[in-house]
Each structure stands twice: as C-alpha cells, then as structure tokens.
Amino acid sequence: MKKIILAAAATLALASFTASVFAAEEVHIPKEQWSFNGTFGKFDRLQLQRGLQVYKEICASCHSLKYVAFRNLAALGYNEAQIKAFAAEYEYPDIDDEGSDTKRKGLPSDYFPNPYPNEKFARASSNGALPPDLSLISKAREGGPDYLFHLITGYEDPPAGMTVMDGMSYNKYFSSGNFQIAMVKQIEDDKVTYADGTKATTDQIARDVTAFLHWAAEPMLEARHSTGLRVMLYMIVFTLLAYFLKRRIWARLDK
Ligand code: HEC
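Have a look at this one:
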C-alpha cells in the first residue's frame with residue numbers, strides 16, 4: 000500500500016513539474032483578424048501583392064521560398080507578362096553551348112532562388128542560425144499567421160536581469176529559442192514604399208507579409224473553404240431527404 004501511495008505521489012510530483020516547465024515556455028499569442036479566417040475567408044489580392052513586395056525587398060535577402068514558383072503568382076492577380084518580368088529579375092545557373100557554366104534569366108517555371116549558396120554559408124552569415132525557408136512556415140509554427148505577425152513585430156528591450164548574447168535580439172514570442180533570436184528586427188515604419196500607395200506602417204508591413212506567407216503555405220485555402228461549404232450543403236440536403244424518407248417508410252408501420 001505504502002509503495003502505491005509513494006508511486007502515486009511521485010507521478011503527481013513529476014506531472015506537476017512537467018506542467019510547470021511547459022507553463023514557463025508557453026507564450027500567449029494574441030489572435031489577429033485575417034481576411035482569410037473563417038468559413039467564408041478569402042485572401043485579399045492587393046494585400047498579397049504588398050506582402051510579396053515586402054518579401055522581395057526585405058526577407059528574400061536571407062530567406063528562401065523554395066516551393067513558390069513565379070507562375071504561382073498568377074493567383075495574386077498578376078498577368079503573364081508581369082510574371083515573366085518578375086522571373087527575369089533573377090538569375091539561375093545554366094550551361095552554354097560549349098558546356099561551360101553560365102547564367103540565364105529566370106523563367107515563370109523557376110522557383111524563388113535561395114539567397115545563400117549553401118547551409119554553411121547561411122549559418123556563417125547569420126550568427127550560426129539558419130534562416131528557415133518561408134514557404135510553409137505559416138503552417139509549420141503553432142499559432143500560424145498570428146505567431147508570424149507577432150514574432151516579426153515582437154522585438155523589445157530584454158527584461159531587467161536578462162543578458163542577450165552577442166548578435167542576438169530579445170523577442171518575447173521566440174520561446175523556442177529562449178526568447179533570443181538570431182534575426183535582428185527587420186520591420187520599421189516606411190521600410191518599403193508600397194506600389195499601391197498604402198501607408199507602410201510597421202503594423203501594415205507585418206500584416207501584409209504574413210498574409211503573403213500564409214498564402215504561400217496554403218494556396219488552396221479558398222478552394223478548400225468553398226469545397227467545405229458545398230459538402231456541408233450536400234450533407235444538410237441529404238440529411239433532410241433521409242429524414243423524410245424515414246418518416247414515409249415508418250408512417251405505414253406506425254398505424
Ligand atoms: C538579415 C537576415 C534576415 C532577414 C532580412 C530576415 N530574416 Fe527571418 N530569420 C533570420 C535568421 C538568421 C533566422 C533564424 C533565427 C534563429 O533561429 O534564431 C530567422 C528566422 C525567421 C523565422 C522563423 C522563426 C521561428 O519560429 O523559427 C521567421 C518566421 C522569419 N525569420 C521571418 C522573416 C520575415 C517575414 C522577414 C522579412 C520581413 C525576415 N524574416 C527577414 C534572418 C533574417
């Protein structure tokens with residue numbers, strides 16, 4: 000009996016210990032309003048275009064976007080000529096007719112290039128950390144777009160008594176790295192000049208790039224929402240039919 004009580008006490012103690020460890024790590028990520036939330040949620044094309052501009056002008060110097068091809072940008076409302084022009088801004092390794100290494104201009108079928116030639120170079124340029132590919136990041140992190148938005152705007156002075164390592168920044172949402180991140184603050188007011196004239200506040204820039212990254216991670220979101228809706232409608236109609244059929248069949252037997 001004693002043994003059982005001891006074992007139970009030990010389990011309880013362990014459970015509360017692990018709970019407290021997790022509690023310490025848990026960060027509250029405030030929920031944000033996104034046009035793509037909810038059953039009827041849709042992407043805002045103009046916002047995605049602004050987000051692409053932010054990615055290209057700020058994030059692309061460190062982060063790849065390897066699952067997004069230029070032709071995918073048609074979903075943002077760009078036409079073929081615009082996509083060709085986007086692609087042509089980048090260069091890709093190629094081999095010429097003599098068999099020597101050369102470069103060619105990007106094509107709509109190319110994917111966004113990696114800013115670094117290899118991982119070691121990327122780490123050496125980033126205080127030892129690897130800037131992750133951003134194609135799926137919005138799906139890969141708990142909190143998704145809410146987390147991304149708060150992470151990129153969550154830079155502040157470290158709390159008293161905390162020493163931040165050289166080259167690192169304090170970020171209250173980066174719990175996976177003990178609140179010290181190897182990415183310095185990237186977004187400030189007017190860091191970009193929007194092609195569509197929108198005022199580029201820190202909040203706006205962060206929201207736009209987050210929406211764009213969410214589209215990159217889930218380009219079929221709108222199709223998923225409308226299929227979901229059609230399936231629900233079908234189920235409702237089917238349930239009603241089944242109900243009336245049941246009533247008709249049982250009407251005879253009830254008499
Ligand atoms: C100067 C290089 C640089 C630029 C520019 C940059 N980042 Fe980063 N980013 C990094 C590095 C390095 C890391 C890895 C940080 C770490 O692990 O400590 C990182 C990590 C991240 C992460 C992952 C955080 C996590 O949970 O692991 C996200 C998301 C991110 N960056 C988004 C962005 C966005 C969006 C932009 C553009 C607005 C951007 N970054 C611009 C260097 C950069």
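Residue numbers (numbering that gives the first Met the number 0): 0 to 254.
By construction, the Cβ of each residue, glycine as well, lies at the ideal position given by its N, Cα and C atoms.
Asked	Found
Between LEU240 and ILE248, what straight-line distance do the alpha-carbon atoms span, to the nearest angstrom?	12 Å
With TYR255 and PRO112 assumed to form a contact (beta carbons below 8 Å), what rounded beta-carbon distance in angstroms separates them?	It is not possible to answer for residue 255, since the shown part of the chain is limited to 0 through 254.
Pair every Cβ in the stretch 224 to 231 with every Cβ in the stretch 142 to 149, then say whether three or more of these pairs are closer than 8 Å.	no
Any heavy atom of the ligand HEC inside 8 Å of the beta-carbon of ILE204?	yes
What do you get for PRO158, buried or exposed, if any count of 16 or more other CB atoms within 10 angstroms of its CB means buried?	exposed
With a cut-off of 8 Å on the beta carbons, I'd call PHE53 and ILE204 a contact; round off their distance for me.	Here residue 53 turns out to be Val, not Phe, going by the sequence shown. With 8 Å as the limit, VAL53 and ILE204 qualify as a contact, their Cβ atoms being about 5 Å apart.
Check whether the stretch 115 to 133 and the stretch 89 to 98 are in contact - that is, three or more C-beta pairs closer than 8 Å.	no
For the beta strand (DSSP E) containing ASP100, name the first residue and the last one.	100 to 104
Whole angstroms are fine: how far does the CA of ALA210 sit from the CA of THR201?	14 Å
Less than 9 Å between the C-beta atoms of LYS102 and TYR91, yes or no?	yes
Flag THR226 as yes when its Cβ comes closer than 8 Å to any non-hydrogen atom of the ligand HEC, and as no otherwise.	no
Specify the secondary structure class of ASN170 as computed by DSSP and reduced to three states.	strand
Are PRO114 and PHE69 touching if we call contact CB-CB under 9 Å?	no
Kindly identify the DSSP beta-bridge partner or partners of GLN179.	TYR169
Please say whether SER137 and HIS213 have beta carbons closer to each other than 9 Å?	yes
Can you list, in chain order, the residues of its chain whose CB lies under 6 Å from that of ILE186, leaving out five sequence neighbours each side?	ILE151, THR201, ILE204 and ALA205
Which of helix, strand or coil does DSSP assign to ALA86?	helix
Tell me the DSSP bridge mates of ILE204?	For ILE204, which the question treats as bridged, DSSP gives no partner whatsoever.
When we look at the beta-carbon of TYR172 and count the other beta-carbons within 10 Å, is it buried (16 or more) or exposed?	buried
Name the residue from LYS41, ILE57, GLN48 and GLU31 whose alpha carbon lies nearest to the alpha carbon of VAL191.	ILE57
Quick test of your reading: SER184 and SER168, contact by CB under 8 Å. State the CB separation rounded to the nearest angstrom.	Checking the displayed sequence, the identity of residue 184 turns out to be Lys instead of Ser. Confirmed, about 6 Å.
So, are the CB atoms of PHE35 and LEU228 less than 9 Å apart?	no
Could you check if PRO112 belongs to the surroundings of the ligand HEC, using beta carbon to heavy atom distance under 8 Å?	no
Among the residues of its own chain, which have a CB less than 6 Å from the CB of LYS104, if the five just before and after it don't count?	ALA87
If we call anything under 9 Å between Cβ atoms a contact, is ALA194 one with ARG44?	no
Based on the DSSP output, what are the partners of ASP93 in its beta bridges?	THR101
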